[in-house]
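Undergrad:
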Amino acid sequence: MSMVRRIAVQNMKYHKSKNILIGIAIFLTTLLLFLVPTMGKDMIEGQYAVTNKMYPSWHALVRGVNEETVKKLSVSHEVMVYGLRSDVGTMPVKDAQISMMFLDDHGMALNNMELLEGNMPQQENEIVVSQGILKCLGQKAEIGDTINVPYQVMHGGILDYTKEKDFVVTGFLEDATEDQTMFNALVSEAFLRSEVPGEEIVYRFLFQVLTEEDETTTQIQERILKMTGRLGIAETDVRVNTEYLGANYVDPVMVSVIVGIMCIIVLAGVITIYSIYYVGLSDRVREFGKIKAMGASKKQLKGMVLWEGMSVAMIAMPIGLILGTILTKIILLSIVNVSANDNAYTGVLKEVISSGDVQLYHVSLYVLAVVVTLLTVGLALHKPMRVVSKISEIEAIRFQGTEGQTGKGQKKYRKSHKEISVLGLAKIYLLGKKKNSFITILAMSITGIFVIVVATVLSCADPKKSADASLTGQYEISAITQSGNREHPEWEWSYVIKDNPLTEELKQQILEIDGVTSVVTFTEAFVTSDTFEGETWGIKGVPEEYADFLLDGIIEGSAAYEDLKTGTKCILDKNMLYWFPDIKLGDTLELKVSDGTEKTVEVEVIAISDFPSGFSQFQYLFMASEGLGKICDGDLKGTYSVFAKERYNKDTLSAFEELMEGNERCQLNTWKKEYDQWKSALLVTTAAAYAFLGILGAICIMNVINTMIHSVHIRKKEIGMMQAMGMTNHQLVKMLRTEGLFYTAGTLLISVGLGSILGYPVFLMAKDQGWFNIREYHYPYAAVVIVMVILLIVQMFLAGALGGKVKKESLIERIRYSE
Amino acid sequence: MGSIVKVKNLVKYYGSEGNVVKAVDHTDLEIERGRFTAIIGRSGSGKSTLLHLLGGLDTPDSGNVFIEEKDMYALKGDALAAFRREKIGFIFQDFNLIPSLTVWENVVLPLGLAGKKVNERDVMDVLKNIGIDEKKNALPNTLSGGQKQRCAIARALVSSPAIILADEPTGNLDSQTEQEVMSILKKCVRDYGQTLIMITHDEAIAQMADVVVMIEDGKVVK
Numbered sequence: 000m001s002m003v004r005r006i007a008v009q010n011m012k013y014h015k016s017k018n019i020l021i022g023i024a025i026f027l028t029t030l031l032l033f034l035v036p037t038m039g040k041d042m043i044e045g046q047y048a049v050t051n052k053m054y055p056s057w058h059a060l061v062r063g064v065n066e067e068t069v070k071k072l073s074v075s076h077e078v079m080v081y082g083l084r085s086d087v088g089t090m091p092v093k094d095a096q097i098s099m100m101f102l103d104d105h106g107m108a109l110n111n112m113e114l115l116e117g118n119m120p121q122q123e124n125e126i127v128v129s130q131g132i133l134k135c136l137g138q139k140a141e142i143g144d145t146i147n148v149p150y151q152v153m154h155g156g157i158l159d160y161t162k163e164k165d166f167v168v169t170g171f172l173e174d175a176t177e178d179q180t181m182f183n184a185l186v187s188e189a190f191l192r193s194e195v196p197g198e199e200i201v202y203r204f205l206f207q208v209l210t211e212e213d214e215t216t217t218q219i220q221e222r223i224l225k226m227t228g229r230l231g232i233a234e235t236d237v238r239v240n241t242e243y244l245g246a247n248y249v250d251p252v253m254v255s256v257i258v259g260i261m262c263i264i265v266l267a268g269v270i271t272i273y274s275i276y277y278v279g280l281s282d283r284v285r286e287f288g289k290i291k292a293m294g295a296s297k298k299q300l301k302g303m304v305l306w307e308g309m310s311v312a313m314i315a316m317p318i319g320l321i322l323g324t325i326l327t328k329i330i331l332l333s334i335v336n337v338s339a340n341d342n343a344y345t346g347v348l349k350e351v352i353s354s355g356d357v358q359l360y361h362v363s364l365y366v367l368a369v370v371v372t373l374l375t376v377g378l379a380l381h382k383p384m385r386v387v388s389k390i391s392e393i394e395a396i397r398f399q400g401t402e403g404q405t406g407k408g409q410k411k412y413r414k415s416h417k418e419i420s421v422l423g424l425a426k427i428y429l430l431g432k433k434k435n436s437f438i439t440i441l442a443m444s445i446t447g448i449f450v451i452v453v454a455t456v457l458s459c460a461d462p463k464k465s466a467d468a469s470l471t472g473q474y475e476i477s478a479i480t481q482s483g484n485r486e487h488p489e490w491e492w493s494y495v496i497k498d499n500p501l502t503e504e505l506k507q508q509i510l511e512i513d514g515v516t517s518v519v520t521f522t523e524a525f526v527t528s529d530t531f532e533g534e535t536w537g538i539k540g541v542p543e544e545y546a547d548f549l550l551d552g553i554i555e556g557s558a559a560y561e562d563l564k565t566g567t568k569c570i571l572d573k574n575m576l577y578w579f580p581d582i583k584l585g586d587t588l589e590l591k592v593s594d595g596t597e598k599t600v601e602v603e604v605i606a607i608s609d610f611p612s613g614f615s616q617f618q619y620l621f622m623a624s625e626g627l628g629k630i631c632d633g634d635l636k637g638t639y640s641v642f643a644k645e646r647y648n649k650d651t652l653s654a655f656e657e658l659m660e661g662n663e664r665c666q667l668n669t670w671k672k673e674y675d676q677w678k679s680a681l682l683v684t685t686a687a688a689y690a691f692l693g694i695l696g697a698i699c700i701m702n703v704i705n706t707m708i709h710s711v712h713i714r715k716k717e718i719g720m721m722q723a724m725g726m727t728n729h730q731l732v733k734m735l736r737t738e739g740l741f742y743t744a745g746t747l748l749i750s751v752g753l754g755s756i757l758g759y760p761v762f763l764m765a766k767d768q769g770w771f772n773i774r775e776y777h778y779p780y781a782a783v784v785i786v787m788v789i790l791l792i793v794q795m796f797l798a799g800a801l802g803g804k805v806k807k808e809s810l811i812e813r814i815r816y817s818e
Numbered sequence: 000m001g002s003i004v005k006v007k008n009l010v011k012y013y014g015s016e017g018n019v020v021k022a023v024d025h026t027d028l029e030i031e032r033g034r035f036t037a038i039i040g041r042s043g044s045g046k047s048t049l050l051h052l053l054g055g056l057d058t059p060d061s062g063n064v065f066i067e068e069k070d071m072y073a074l075k076g077d078a079l080a081a082f083r084r085e086k087i088g089f090i091f092q093d094f095n096l097i098p099s100l101t102v103w104e105n106v107v108l109p110l111g112l113a114g115k116k117v118n119e120r121d122v123m124d125v126l127k128n129i130g131i132d133e134k135k136n137a138l139p140n141t142l143s144g145g146q147k148q149r150c151a152i153a154r155a156l157v158s159s160p161a162i163i164l165a166d167e168p169t170g171n172l173d174s175q176t177e178q179e180v181m182s183i184l185k186k187c188v189r190d191y192g193q194t195l196i197m198i199t200h201d202e203a204i205a206q207m208a209d210v211v212v213m214i215e216d217g218k219v220v221k
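If you read the protein sequences in the order shown, they are chains A and B. Each residue of the first sequence is one higher than the one before, counting from 0 in numbering that gives the first Met the number 0. Each residue of the second sequence is one higher than the one before, counting from 0 in numbering that gives the first Met the number 0.
#1: Would you call the CB atoms of A:Phe190 and A:Val69 closer than 8 Å?
#2: Just the C-alpha distance for A:Met720 and B:Phe94, rounded to the nearest angstrom, thanks.
#3: Per the DSSP calculation, A:Leu510 is bridged to which residue(s)?
#4: Are the Cβ atoms of A:Gly268 and A:Thr439 separated by less than 8 Å?
#5: Anything in the stretch 421-434 of chain A with a Cβ closer than 9 Å to a Cβ of chain B? List those residues in chain order, please.
#6: In whole angstroms, give me the CA-to-CA distance for A:Arg813 and A:Gln722.
#7: Do you know offhand how far B:Ile162's Cα is from A:Gly693's?
#8: So, under 8 Å CB-CB, B:Ala81 and A:Gly725 are touching, yes? Tell me the CB distance rounded to an integer number of Å.
#9: If contacts are defined as beta-carbon pairs under 8 Å, then A:Tyr243 and A:Ser56 qualify, I think. What distance do you get, rounded to the angstrom?
#10: Note down the Cα distance separating B:Leu126 from B:Ile87, rounded to an integer number of angstroms.
#11: At a Cβ threshold of 8 Å, is A:Glu808 touching chain B?
#12: Answer yes or no: do A:Gly423 and B:Ser99 have a C-beta to C-beta separation smaller than 8 Å?
#13: Less than 8 Å between CB atoms is the rule here; does B:Asp77 satisfy it with respect to chain A?
#14: Please confirm if B:Pro109 has its CB atom under 8 Å from at least one CB of chain A.
#15: Kindly indicate if chain B contains any beta-carbon less than 8 Å away from that of A:Lys716.
#16: Per DSSP, B:Gly40 forms a beta bridge with which residues?
#17: Taking any Cβ of chain B, which residues in the stretch 672-702 of chain A have a Cβ under 8 Å from it, in chain order?
#18: Name, please, each residue of chain B whose Cβ falls closer than 7 Å to the Cβ of A:Thr727.
#19: Are the stretch 694-704 of chain A and the stretch 787-805 of chain A touching, with three or more C-beta to C-beta distances below 8 Å?
#20: What does B:Thr101 touch in chain A if you count any residue whose Cβ is under 7 Å from its own?
#21: For the putative contact between A:Trp492 and A:Phe521, defined by C-beta atoms under 8 Å, what is the C-beta separation to the nearest angstrom?
#22: Tell me the rounded alpha-carbon separation between A:Gly540 and A:Leu627.
#23: In whole angstroms, what separates the C-alpha of A:Glu116 from that of A:Phe101?
#24: Pairs of beta-carbons, one from the stretch 256-273 of chain A and one from the stretch 376-392 of chain A, closer than 8 Å: are there three or more?
#25: Out of A:Val784, A:Ile496, A:Asp86 and A:Thr235, which has the shortest C-alpha to C-alpha gap to A:Arg664?
#26: So what's A:Cys699 in DSSP terms, helix, strand or just coil?
#27: What does the Cβ neighbour count give for A:Val35, buried or exposed, with the cut at 16 atoms within 10 Å?
And the structure:
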């Protein structure tokens with residue numbers, strides 16, 4: 000070990016208490032620097048794993064594709080991987096439906112299917128089945144055994160006569176459940192071709208396209224439809240796997256948020272470690288000056304400071320990483336447990352985390368945490384290294400402790416206080432150490448400000464209010480509308496307006512439910528426009544009883560309800576401007592109504608509004624219901640908003656669920672469902688945010704601990720002298736408490752003051768961005784009180800502990816003490 | 000004049016078995032009120048330990064110290080601190096001024112700790128008598144050694160304690176300043192009627208005392 004390192008290690012041991020505090024700060028910094036990106040990455044990878052487990056991984060499929068189109072699609076440069084599926088026929092069995100299909104290897108992979116055992120069928124007489132299928136067939140078999148299969152081949156949409164054939168079982172598929180009634184048996188391509196003439200064979204072309212890193216789900220969807228459109232494939236024959244694409248889409252903002260949080264941790268770490276070094280650096284000048292007088296170079300002095308800091312880091316970092324490793328799984332499972340409810344997604348997420356399907360620990364993130372922590376320590380040590388390297392030998396040797404300091408900038412005189420009390424002593428000491436006090440307060444205030452700002456947003460987020468803002472009334476029944484779903488043509492809006500499931504009879508049934516007070520009918524129409532770049536958007540028709548609410552939501556321009564009845568004027572929600580920033584007040588929009596008539600109408604934007612999502616339901620154009628009726632024919636009812644006596648009543652909810660049971664054309668949304676979702680989301684967010692802030696706060700509290708320990712350490716002799724003059728222990732603790740109170744009060748003043756000032760614009764931003772459906776500002780009194788109490792407890796405890804520590808040495812030991 | 004300090008069979012040993020230093024070894028002593036008593040002895044003889052025990056700064060292993068008939072070590076914690084504040088003033092070789100306080104504030108500190116009101120005229124009189132009044136707003140780091148010790152003396156005198164304990168108060172001063180400080184101390188004891196107990200190894204200073212106590216190996220020998 001070099002002399003520099005040896006001295007550094009000895010210094011680390013000598014200044015034990017200071018280095019313990021720095022060690023704690025480094026340990027907590029490492030912990031956060033490890034946990035934040037690890038949790039972020041784990042959540043993303045968990046999301047991928049769940050998605051891959053729950054949904055097939057194809058981006059889109061094209062139905063009814065013949066071999067020529069397969070060739071065309073497969074050579075498209077946008078297609079990354081593709082698989083083929085062709086339905087051959089069915090097995091006629093009682094109480095179950097067994098499809099016989101050909102699926103190639105890629106098709107298997109894209110459908111997230113894999114064989115439980117065995118191989119895929121290759122020969123004409125080979126088949127893959129499941130135990131469920133064998134049970135339905137009333138046969139038993141192992142791999143290699145032959146089974147007799149009755150089957151009907153599909154010819155042009157018609158099932159042919161039943162035939163029988165012996166098949167050799169080459170593999171098994173797993174059954175999802177024991178009482179499963181729908182099965183797939185896999186047959187070979189040879190069997191397909193032997194049963195279906197070449198010109199009759201149609202495939203489902205399953206594929207993934209090449210995607211770019213920051214490409215959104217909508218952009219991928221548009222690209223797929225554009226590509227298939229170029230090949231002359233109708234949009235209705237293409238099904239985009241929006242579930243998979245949506246779940247696999249990582250919001251690029253998330254990465255920015257993680258990087259932002261890491262920057263805050265680094266900032267807190269640098270300020271804390273630096274200020275712990277800074278407080279008391281002047282006392283160490285003498286030590287380093289003596290070493291310099293003995294011939295140490297500037298580089299060696301810098302090296303000593305750096306090695307001392309890095310030696311502490313070498314001990315503290317592994318502890319942070321070990322604890323981070325232990326906490327990762329615990330925290331992830333806690334988050335999943337809290338938000339689990341009966342949500343299938345979180346259930347699978349819990350399963351993939353517990354089973355180890357998701358790799359929770361990443362070497363790269365351990366390296367990242369170590370590198371960033373070392374960088375943090377390096378940055379914090381930069382100034383102390385410079386100070387130490389500039390020490391003059393003679394000044395250091397002459398240095399006689401704080402009493403003897405006569406350096407530049409030292410005050411020689413000041414007006415005396417006529418009387419000196421214990422409080423006065425504390426005040427004079429603190430004012431004499433302005434820079435130390437300022438750095439300590441500043442370091443603590445950064446976290447304090449952050450806590451108050453975050454607390455402001457969280458206190459504005461009330462699950463009850465968020466649920467209130469998520470729907471109009473306490474129950475909403477709306478007609479399901481979806482375009483391009485071949486399995487549900489009744490969901491096409493053009494169909495809905497001809498045969499609307501929101502009937503008067505249904506309304507009457509709703510009104511008869513016990514606890515229901517009224518039902519408000521909102522209408523809707525779907526339109527496209529060049530202004531919307533061809534996208535379909537909804538116009539909401541607002542009934543007269545909601546006229547005031549509609550007009551109150553206007554934030555720019557003006558409108559009368561009568562104007563909105565004309566069908567030529569509308570209100571545009573400000574969210575629309577996010578997607579189409581070129582739209583301005585007074586613009587006339589040329590809208591093509593998507594009711595199948597291709598009718599075009601001109602509508603003027605006379606006002607801009609800001610409504611909660613529960614009202615707009617993501618339809619960002621508003622008219623009076625009467626006006627909407629003028630631009631579009633048909634039954635336009637979109638939603639029955641139901642008002643009940645109570646936000647939640649078990650019996651009322653059951654009655655609604657019963658009413659909607661088996662209704663595949665309507666969907667029910669309830670206040671209770673929204674409340675549960677918001678509650679669990681807020682609980683997780685609040686717990687995570689406060690846990691993070693708690694650790695960040697603990698890093699910064701190291702400052703005040705260091706400052707107070709240091710203030711007692713360097714004043715050991717003068718405190719001893721004051722006690723010799725008759726200062727009681729009670730007075731000593733009071734003096735230390737007053738000093739601590741000064742840091743507490745300073746920190747609180749800056750944290751609460753600046754935090755409150757900054758909290759408001761952050762609330763406005765949260766409201767604007769729709770975070771937690773925040774609508775109202777609430778001052779975070781609870782957080783302010785908690786921060787206040789924590790700081791008071793810390794400083795009271797510190798003052799008591801330090802007073803106790805002082806007492807351990809006899810008075811004469813303290814008076815004789817010389818650094 | 001009666002005794003103000005009575006020491007009975009006082010014992011203070013340092014170190015552990017096999018390496019025991021008998022700093023104060025079964026010592027008896029009586030010091031008269033209003034007199035200047037010098038305690039002399041060689042380095043390590045135990046004179047400083049005896050002074051610290053007289054001032055309640057250290058704890059004896061056994062024995063008693065009576066100040067004005069009160070058994071000082073029967074008092075504990077804050078009661079001992081209050082008693083010390085009331086009865087004893089200290090002057091140390093290295094001054095022990097509080098660096099963040101001005102001369103005035105250092106001087107009035109014992110009054111503040113006792114919760115007493117500061118009588119500005121009385122304090123100014125003390126400062127004038129000692130010759131430090133012009134430096135009353137100065138911080139200790141700007142004072143010479145002599146000025147610092149005058150400040151320390153003023154601090155010891157201001158609350159009018161019955162006893163002033165001085166631990167080699169001139170040890171860090173040049174000979175001229177030493178003479179000045181000694182005359183101030185003697186004058187103050189005379190003017191304010193206080194008892195001065197001073198440790199010194201300087202024969203010349205000991206000559207100025209009314210009573211000289213010699214310590215050797217922790218025992219009063221003369």
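Built from N, CA and C at the ideal position, the CB exists for glycine as well.
TA: So, from the data block:
#1: Mapped onto the first sequence, residue 190 of chain A falls at position 191. Mapped onto the first sequence, residue 69 of chain A falls at position 70. No, these two residues do not count as a Cβ contact at 8 Å.
#2: In the first sequence, residue 720 of chain A corresponds to position 721, counting from 1. In the second sequence, residue 94 of chain B corresponds to position 95, counting from 1. Their Cα atoms are separated by approximately 10 Å.
#3: Sequence index remark: in the first sequence, residue 510 of chain A carries index 511 (1-based). Looking at the DSSP output, A:Leu510 sits in no beta bridge, so it has no partner there.
#4: The count along the first sequence starts at 1 and reaches residue 268 of chain A at position 269. The count along the first sequence starts at 1 and reaches residue 439 of chain A at position 440. Contact: no.
#5: Val421, Gly423, Leu424, Ile427, Tyr428, Leu430, Gly431 and Lys432
#6: Locating residue 813 of chain A in the first sequence gives position 814, counting from the first residue. Locating residue 722 of chain A in the first sequence gives position 723, counting from the first residue. Cα to Cα, A:Arg813 sits roughly 10 Å from A:Gln722.
#7: For the purposes of this step, residue 162 of chain B is taken as the residue at position 163 of the second sequence. For the purposes of this step, residue 693 of chain A is taken as the residue at position 694 of the first sequence. Their backbone Cα atoms lie some 54 Å apart in a straight line.
#8: By one-based count along the second sequence, residue 81 of chain B stands at place 82. By one-based count along the first sequence, residue 725 of chain A stands at place 726. So it is a contact: roughly 6 Å between Cβ atoms.
#9: Within the first sequence, numbered from 1, the residue matching residue 243 of chain A stands at position 244. Within the first sequence, numbered from 1, the residue matching residue 56 of chain A stands at position 57. Correct: roughly 6 Å between the Cβ atoms.
#10: Residue 126 of chain B sits at position 127 when you count from the first residue of the second sequence. Residue 87 of chain B sits at position 88 when you count from the first residue of the second sequence. Going by the C-alpha atoms only, they are around 19 Å apart.
#11: Locating residue 808 of chain A in the first sequence gives position 809, counting from the first residue. Not an interface residue.
#12: Residue numbering aside, residue 423 of chain A sits at position 424 when the first sequence is read from its first letter. Residue numbering aside, residue 99 of chain B sits at position 100 when the second sequence is read from its first letter. Not in contact: A:Gly423 and B:Ser99 (Cβ atoms no closer than 8 Å).
#13: Here residue 77 of chain B refers to the residue found at position 78 of the second sequence. B:Asp77 counts as touching chain A.
#14: As a position in the second sequence, residue 109 of chain B is number 110, starting the count at 1. Closer than 8 Å: yes.
#15: Looking up residue 716 of chain A in the first sequence gives position 717. Judged by the 8 Å Cβ criterion, A:Lys716 is in contact with chain B.
#16: The sequence position of residue 40 of chain B within the second sequence is 41, counting from 1. B:Ile214.
#17: Of all residues in the stretch 672-702 of chain A, none places a beta-carbon less than 8 Å from a beta-carbon of chain B.
#18: As a position in the first sequence, residue 727 of chain A is number 728, starting the count at 1. Simply Asp77, Ala80 and Ala81.
#19: yes
#20: Within the second sequence, the letter at position 102 stands for residue 101 of chain B. Near B:Thr101 (Cβ distances below 7 Å), the residues of chain A are Arg413 and Ser415.
#21: Here residue 492 of chain A corresponds to residue number 493 of the first sequence, with the count starting at 1. Here residue 521 of chain A corresponds to residue number 522 of the first sequence, with the count starting at 1. With a Cβ gap of about 15 Å, A:Trp492 and A:Phe521 do not count as contacting.
#22: Within the first sequence, residue 540 of chain A is the residue found at index 541, counting from 1. Within the first sequence, residue 627 of chain A is the residue found at index 628, counting from 1. For A:Gly540 and A:Leu627, the distance between alpha carbons rounds to 6 Å.
#23: Position 117 of the first sequence, counted from the start, is the residue given in the question as residue 116 of chain A. Position 102 of the first sequence, counted from the start, is the residue given in the question as residue 101 of chain A. Taking the straight line from one Cα to the other gives about 18 Å.
#24: yes
#25: Within the first sequence, numbered from 1, the residue matching residue 664 of chain A stands at position 665. Among A:Val784, A:Ile496, A:Asp86 and A:Thr235, the Cα nearest to that of A:Arg664 is on A:Ile496.
#26: Counting from 1 along the first sequence, the entry for residue 699 of chain A is found at position 700. A:Cys699 falls in the helix class under three-state DSSP.
#27: Reading the first sequence from its first residue, position 36 is the one you call residue 35 of chain A. By the neighbour-count rule (16 or more Cβ atoms within 10 Å), A:Val35 is buried.
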